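Note that my numbering gives residue 81 to position 71 of the sequence shown, counting from 1, and the numbers run on in steps of one.
Structure, as structure tokens:
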Amino acid sequence: MTSKDILLDHVSIRFGSYTAVDNASLTIKGGEFFSFLGPSGCGKTTLLRCISGFVDPTEGRVLIGGRDMRNVGPNKRPTALIFQNLALFPLMSVAENIAFPLEVRGVGRKDRRRRADELLELIALTGTGDKKVHELSGGQRQRV
Numbered sequence: 011m012t013s014k015d016i017l018l019d020h021v022s023i024r025f026g027s028y029t030a031v032d033n034a035s036l037t038i039k040g041g042e043f044f045s046f047l048g049p050s051g052c053g054k055t056t057l058l059r060c061i062s063g064f065v066d067p068t069e070g071r072v073l074i075g076g077r078d079m080r081n082v083g084p085n086k087r088p089t090a091l092i093f094q095n096l097a098l099f100p101l102m103s104v105a106e107n108i109a110f111p112l113e114v115r116g117v118g119r120k121d122r123r124r125r126a127d128e129l130l131e132l133i134a135l136t137g138t139g140d141k142k143v144h145e146l147s148g149g150q151r152q153r154v
């Protein structure tokens, strides 16, 4: 292992009863071009946030250059992460984020909610309207 290699050793990440990453193990060589590919909600962003130090693994270890990154903050790691939050309002629910432009235009509350629900169905996020933005996966946030 070189000083820039990243090793994920049986990493699992859970949020309550939801498993976002289940027993991931891999080595990324220093300087290697690497991509995580998969469907929305499969844990790609969560794994990147874990490597960068923004999310702790529930189980397993993240090693960079052979050093265990447990208790090493994002500002002390030799990594970088570009956030995906775009222009979503973190204190609003998903439906409120979608309906906000309608509210600005003076559309009534019931009509805003109905239209937000229609859009949630269109982007395959039915049932997520009452969730907060941070409860969605990176791919789900992009669709909102």
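Quick reminder that beta carbons are idealized off the backbone N, C-alpha and C, glycines included.
Predicted model only: the values in this text are computed from it and were never measured.
Just to confirm, is the Cβ distance from Ile16 to Ile108 under 7 Å? No. Outside cutoff.
6 Å Cβ shell around Gly149 - same chain, five flanking residues per side excluded: Ser50, listed in sequence order.
Whole-angstrom distance between Lys141 and Leu112, CA atom to CA atom: If you draw a straight line from the Cα of Leu112 to the Cα of Lys141, it is about 19 Å long.
Buried or exposed (CB count within 10 angstroms, at least 16 for buried), Pro88: Exposed, since its Cβ has fewer than 16 Cβ neighbours within 10 Å.
Report yes if the C-beta distance between Ala30 and Thr68 is below 7 Å; otherwise report no. In this structure, Thr68 does not lie closer than 7 Å to Ala30 by Cβ.
For Gly83, tell me which candidate among Val65, Arg71, Phe99 has the shortest Cα-Cα distance. The shortest C-alpha separation from Gly83 is found at Val65.
Given Ser13 as reference, the closest of His20, Ile38, Gly116 once Cα atoms are compared: Among His20, Ile38, Gly116, the Cα nearest to that of Ser13 is on Ile38.
Using only the alpha-carbon positions, how far apart do Thr138 and Gly70 sit? Within the model, the alpha-carbon separation for Thr138 versus Gly70 is close to 30 Å.
CA-CA distance, Ser147 and Gly53? Whole-angstrom Cα-Cα distance: 8 Å.
Val31 bridges to which residues according to DSSP? DSSP output for Val31 lists Ile23 as bridge partner(s).
Please determine, among Met102, Ser22, Val154, the residue with the shortest C-alpha to C-alpha distance to Val72. If we check each option's Cα against that of Val72, Ser22 comes out closest.
Of the residues Asp19, Phe43, Gly26, the one placed nearest Arg35, counting alpha carbons only: The sequence shown places Ser at residue 35, rather than the Arg named in the question. Considering only alpha carbons, the answer is Asp19.
Beta-carbon contacts of Ala90 that lie in its chain and below 8 Å, excluding the five residues immediately before and after: Excluding sequence neighbours, Ala90 sits near Ser62.
Burial state of Val104, where buried means 16 or more other Cβ atoms lie within 10 Å: Buried, by the Cβ-count rule.
Here's the rule I'm using: 16 or more other beta-carbon atoms within 10 Å means buried, otherwise exposed. How should Leu130 be labelled? The residue in question, Leu130, is buried, as its Cβ has 16 or more Cβ neighbours within 10 Å.
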